[in-house]
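The block underneath contains the structure these notes are about, expressed in structure tokens.
2 protein chains.
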Amino acid sequence: MEKVRLGIIGVGNIGSAHVQNILEGRCPELEITAAADRRESRREWIGKRLPEAAVFTEGEELIASGTCDAILIAVPHYQHPGLAIAGFEHGLHVMCEKPAGVYTLQVREMIAAADRHPDLTFGMMFNQRTNCVYRKLKEMIDGGELGELRRMSWLITDWYRTQYYYDSGAWRATWNGEGGGVLLNQCPHQLDLLQWLCGLPVAVLARCYEGKWHDIEVEDDVTAFLEFENGATGVFVTTTGDAPGTNRLEITGTRGKAVCEEDQLTFWRNAEDERTWCFSCGEGFRKPDCERTAVETDGKNPQHLAVLNAFAAHILRGEPLVADGREGIRGLMLSNAMHLSSWLGREVSLPIDEQLFLDLLTEKRRTSRRKEERDVTMPTEGSY
Amino acid sequence: MEKVRLGIIGVGNIGSAHVQNILEGRCPELEITAAADRRESRREWIGKRLPEAAVFTEGEELIASGTCDAILIAVPHYQHPGLAIAGFEHGLHVMCEKPAGVYTLQVREMIAAADRHPDLTFGMMFNQRTNCVYRKLKEMIDGGELGELRRMSWLITDWYRTQYYYDSGAWRATWNGEGGGVLLNQCPHQLDLLQWLCGLPVAVLARCYEGKWHDIEVEDDVTAFLEFENGATGVFVTTTGDAPGTNRLEITGTRGKAVCEEDQLTFWRNAEDERTWCFSCGEGFRKPDCERTAVETDGKNPQHLAVLNAFAAHILRGEPLVADGREGIRGLMLSNAMHLSSWLGREVSLPIDEQLFLDLLTEKRRTSRRKEERDVTMPTEGSY
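Structure, rendered in structure tokens:
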């Protein structure tokens, strides 16, 4: 079997999980031939696990080494676009961990580089798109089963993190190291799913609370109000401070309502479109007849494995990706819009003023806290 | 058995439901001795049902007639405070339908009148406070089981109304007749429960959409963001346009989370307070141990009957009311704050600038639409 020679840049929390998966044979078309990490302990770890792999300190060294066909970028967010661009320029396929980057201007450069190399595969690690519940919901929305979008609400507050988590890495939860908090680290999946399912809103009004529940400088509590082009509205609430927290997505259309909660998809199907009913019903309080169903899905939720295997299959045989890398800018636009709205204290339109966002972020970075480096790798199982 | 002689002012949708309940013997300590309504058809209806009752056109006539000891006010909202004040001045006990009034300045006058007559009973029809689920939740919060309030979210979008509903009365859904839409007519219960359970927020930022789903001039779609004194935040979403809609209240504290949905109360109890855990746990992703319970309640939900029977018992024997009339201003303050925030396009602090609210409302009334009068009484069963 032909295999894609993969170089992994960053073998920290999530990078090491990818290494484990591949070593345990779950990605049969991928072979790790190179790895890079700035930490000696991690280079030693990979050296023991993969004695034949080429090991580097810097991602750029790995990219220039000719030891692989594709790279998987799993380093702090700011470095994603730069490494991806370097990869494309060296003729490498690129799989990028979420988020696509920290600010959209940076990601636009990455997309431009990808567009200059249409022969190369560019994937984004939106592994939550492989969840059967969201896949099924997407299929139902695209098939018109919900009618026209009316309202959405996502309470995604089950991203609990302790202070220990934030103290575990110098880059974590700083403007300079990570460029944001819960929006940049935990929520890229939900922000991507939100735009994948509902489209991007045209306006965002958000409150991002910085260091509300933890001793950090970035946001760990966000409430955002969204407005879509057709007038539909939405609410997005997230935090790393709530225990036990909630993950509940509700999407209401004119033909029905869908709720994703606790790995279940429930659908309420109206017998008639609400818009027609409203103006034709001769009673005051009566709703259209409605049938509630526990929606069956295929039950599959292959997560990172599906993304990586589709990446290999796309490279080898042109099969579809789970998420094209170019789509990464959409969820990031939403994230940047929430930050910008909060910083300005007013609603912002999408696309946002991307230069203004960068200017304000740069100002935040200038005064960003310096944190002590600690050498901690935490198991991420069940946390993404 | 001693009975309270009750005069009902307004025998429309809800007033006629009260009449039915009393006539069917569900309020054994109340006897309807008088009724008033401006519509002839309704006066005829009450005359047939209660041949011995004194029947009037105007509430003021009933109040001055000496035919009752207490009045139940069930007319359009603007008239609530004026009739209540007249009632107190004639030595009558007062039970007022929700909302307490349309604007807080008006309600302050009503409270002042009540305070001048401490011997008279003043109750507000907050019948949802009798729901076993909310009563139990209130008991748990007051008992400290949730810890300190962190976040609340109420999706109360199951107030579906057709265009027919809005066309059924000339006063309905106009600034001049009703003074507001879903916030004034459907949501007073939830706004009262919200402040009863969580306290009043200190700031409100809201978007009220006027005539979004119906041909009306007042709001039928609202999303509000709330901030409480201790930093806790909340979201309140309501509409009369969604079918089938949702009624889901989630309240999260530092010791646990409670969800009220589909007449069930579910509680997640943390083994340890999150605030202690966050800074003492030596793992990054771990939450406090948590136990989930389907909370048992007494199963009782006596609604209007409980409010009316408690009103009679308070008059006769000083037993506790379900809701003192003076508390009606709190939910109305929240409602007025949502309107004011939306009209001004910015966050407002509570207590709001009450004169500014009245000035803006008066401006809205000046251009309020004239609607044709129709003589419709709709069954309200199951709608409150």
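Top line first, the protein sequences correspond to chains A and B. Just add 451 to wherever you are in the first sequence, counting from 1, and you've got this note's numbering. Just add 451 to wherever you are in the second sequence, counting from 1, and you've got this note's numbering. Just so you know, even glycine gets a beta-carbon here, dropped at the ideal spot from N, CA and C.
When you compare the region 711-721 of chain B with the region 725-734 of chain A, are there three or more beta-carbon pairs, one atom per stretch, that lie closer than 8 Å? No, they do not touch.
Can you say whether A/A745 is buried or exposed, counting buried as having 16 or more other CB atoms within 10 angstroms of its CB? Within the first sequence, residue 745 of chain A is the residue found at index 294, counting from 1. The C-beta of A/A745 has fewer than 16 other C-beta atoms within 10 Å across all chains shown, which makes the residue exposed.
Counting only beta-carbon separations shorter than 8 Å, does B/W647 have a partner in chain A? Your numbering for residue 647 of chain B matches position 196 in the second sequence. Closer than 8 Å: no.
Pairing CB atoms from the region 520-536 of chain A with CB atoms from the region 624-640 of chain A, are three or more of them under 8 Å? Yes: at least three Cβ pairs fall under 8 Å.
Are A/L600 and A/A683 close, meaning C-beta to C-beta below 8 Å? The residue given as residue 600 of chain A occupies position 149 in the first sequence. The residue given as residue 683 of chain A occupies position 232 in the first sequence. Yes, the Cβ-Cβ distance between A/L600 and A/A683 is below 8 Å.
Determine which residues share a DSSP beta bridge with B/R456 and list them. For the purposes of this step, residue 456 of chain B is taken as the residue at position 5 of the second sequence. DSSP lists B/E482 as partners of B/R456.
Tell me the residue span of the alpha helix (DSSP H) that contains B/Q715. The count along the second sequence starts at 1 and reaches residue 715 of chain B at position 264. The continuous stretches of alpha helix (DSSP H) do not include B/Q715, which lies in the beta strand (DSSP E) extending over residues Q715 to N721.
How should B/G498 be labelled, buried or exposed, when 16 other C-beta atoms within 10 angstroms of its C-beta is the threshold for buried? Residue 498 of chain B sits at position 47 when you count from the first residue of the second sequence. Exposed.
Rounded to whole angstroms, what's the CA-CA distance from A/V506 to A/A486? Just pull it up for me. Taking the first residue of the first sequence as 1, we reach residue 506 of chain A at position 55. Taking the first residue of the first sequence as 1, we reach residue 486 of chain A at position 35. Looking at the two C-alpha atoms, the distance is approximately 5 Å.
Cα-Cα separation between B/L795 and B/A657, rounded to whole angstroms: Numbered from 1 along the second sequence, position 344 holds the residue referred to as residue 795 of chain B. Numbered from 1 along the second sequence, position 206 holds the residue referred to as residue 657 of chain B. Using only the alpha carbons, I get a separation of about 10 Å.
Quick one: using the 10 Å Cβ neighbour count with 16 as the cut-off for buried, is A/P739 buried or exposed? Translated into positions along the first sequence, residue 739 of chain A becomes position 288. A/P739 sits buried, since 16 or more C-beta atoms from the chains shown fall within 10 Å of its C-beta.
Could you pull the DSSP bridge partners for A/K587 from this structure? On the first sequence, residue 587 of chain A is found 136 positions in, with the first residue counted as 1. Note: A/K587 sits in no beta bridge, so no partner.
Cβ distance (whole Å) where A/A774 is taken to contact A/R580 below 8 Å: Sequence index remark: in the first sequence, residue 774 of chain A carries index 323 (1-based). Sequence index remark: in the first sequence, residue 580 of chain A carries index 129 (1-based). Confirmed, about 6 Å.
For A/V470 and A/E482, the rounded distance between their alpha carbons: In the first sequence, counting from the first residue as 1, residue 482 of chain A sits at position 31. In the first sequence, counting from the first residue as 1, residue 470 of chain A sits at position 19. Straight-line Cα distance between these residues: approximately 10 Å.
Compute the Euclidean distance between the alpha carbons of B/P838 and B/D749, then round it to the nearest angstrom. Here chain B covers residues 452 to 835 and nothing more, so residue 838 of chain B does not appear.
Amino acids of chain A, ordered along the chain, whose beta-carbon sits closer than 7 Å to that of B/S604: Within the second sequence, numbered from 1, the residue matching residue 604 of chain B stands at position 153. Near B/S604 (Cβ distances below 7 Å), the residues of chain A are L606 and V688.
Please classify B/R768 as buried or exposed, where buried requires at least 16 neighbouring CB atoms within 10 angstroms. Taking the second sequence and counting its residues from 1, one reaches residue 768 of chain B at position 317. B/R768 comes out exposed.
Check whether the Cβ atoms of A/A675 and A/M789 lie closer than 8 Å to each other. As a first step, residue 675 of chain A must be located in the first sequence, where it is residue number 224. As a first step, residue 789 of chain A must be located in the first sequence, where it is residue number 338. Yes. Within cutoff.
heavy atom of the ligand GDP below 7 Å from B/D724 C-beta: Of ligands this structure carries none, so the ligand GDP is not represented either.
On the DSSP letters alone, give me the boundaries of the alpha helix (DSSP H) that B/I780 sits inside. If you number the second sequence from 1, residue 780 of chain B lands on position 329. Segment G779 to L795, the alpha helix (DSSP H) holding B/I780.
For the region 666-680 of chain B against the region 694-705 of chain B, do three or more pairs of beta-carbon atoms, one drawn from each stretch, fall closer than 8 Å, so that the two count as touching? No, they do not touch.
Under the rule that 16 or more other beta-carbon atoms within 10 Å means buried, what is B/P569, buried or exposed? Counted from its first residue, the second sequence places residue 569 of chain B at position 118. Looking at its Cβ environment, which holds fewer than 16 other Cβ atoms inside 10 Å, B/P569 is exposed.
Under 8 Å, do A/G779 and A/V545 count as touching if we go by C-beta distance? Position 328 of the first sequence holds residue 779 of chain A. Position 94 of the first sequence holds residue 545 of chain A. With respect to A/V545, A/G779 sits apart: the two C-beta atoms are not nearer than 8 Å.
Considering only DSSP beta bridges, list what B/W605 is partnered with. Locating residue 605 of chain B in the second sequence gives position 154, where the first residue counts as 1. B/F687 and B/L700, per the DSSP bridge assignment.
Segments of 3+ residues assigned as beta strand (DSSP E) that fall wholly inside the region 633-670 of chain A: Entirely contained in the region 633-670 of chain A, the beta strand (DSSP E) runs reaching 3 residues are, in chain order, 654-661.
Can you give the Cα-Cα distance for B/A515 and B/A563, rounded to whole angstroms? Residue 515 of chain B sits at position 64 when you count from the first residue of the second sequence. Residue 563 of chain B sits at position 112 when you count from the first residue of the second sequence. Rounded to whole angstroms, B/A515 to B/A563 spans 20 Å at the Cα level.
Through-space distance from A/D804 to B/A565, alpha-carbon basis: Taking the first residue of the second sequence as position 1, residue 565 of chain B is located at position 114. Taking the first residue of the first sequence as position 1, residue 804 of chain A is located at position 353. Each residue's Cα considered, the two are about 55 Å apart.
Beta carbon proximity, A/C863 to chain B, threshold 8 Å: As displayed, chain A neither begins before 452 nor continues past 835, which places residue 863 of chain A out of reach and without an answer.
Does the beta-carbon of B/Q637 have 16 or more other beta-carbons within 10 angstroms, so that it is buried, or is it exposed? Looking up residue 637 of chain B in the second sequence gives position 186. It is buried - the Cβ of B/Q637 has at least 16 other Cβ atoms within 10 Å.
Would you give the residue range spanned by the beta strand (DSSP E) that B/L523 belongs to? Counting from 1 along the second sequence, the entry for residue 523 of chain B is found at position 72. In this chain, the beta strand (DSSP E) harbouring B/L523 covers A521 to I524.
Less than 8 Å between the CB atoms is what I'm expecting for B/I460 and B/A551, so what's the real figure, rounded? Within the second sequence, residue 460 of chain B is the residue found at index 9, counting from 1. Within the second sequence, residue 551 of chain B is the residue found at index 100, counting from 1. Here B/I460 is actually not in contact with B/A551; their C-beta atoms are around 15 Å apart, not less than 8 Å.
DSSP three-state assignment for B/M546, whether helix, strand or coil: To locate residue 546 of chain B, count along the second sequence from 1; it is residue 95. In the three-state reduction of the DSSP assignment, B/M546 falls in the strand class.
Rounded straight-line distance, which links the Cα of B/V673 to that of B/K663: Along the second sequence, read from residue 1 onward, the residue named residue 663 of chain B stands at position 212. Along the second sequence, read from residue 1 onward, the residue named residue 673 of chain B stands at position 222. So the two alpha carbons sit approximately 10 Å from each other.
DSSP state of B/M576 mapped onto helix, strand, coil: As a working note, residue 576 of chain B is residue 125 in the second sequence. In the three-state reduction of the DSSP assignment, B/M576 falls in the coil class.
Where do the ends of the alpha helix (DSSP H) carrying B/R493 lie? Residue numbering aside, residue 493 of chain B sits at position 42 when the second sequence is read from its first letter. Here the alpha helix (DSSP H) through B/R493 covers E491 to R500.
Cut-off 8 Å between Cβ atoms - residues of its own chain near A/Y617, not counting five sequence neighbours on either side: For the purposes of this step, residue 617 of chain A is taken as residue 166 along the first sequence, with counting starting at 1. Sequence-distant partners of A/Y617 (beyond 5 residues in either direction) whose C-beta falls short of 8 Å from its own C-beta, in its chain, are R623, A624, H665, D666 and I667.
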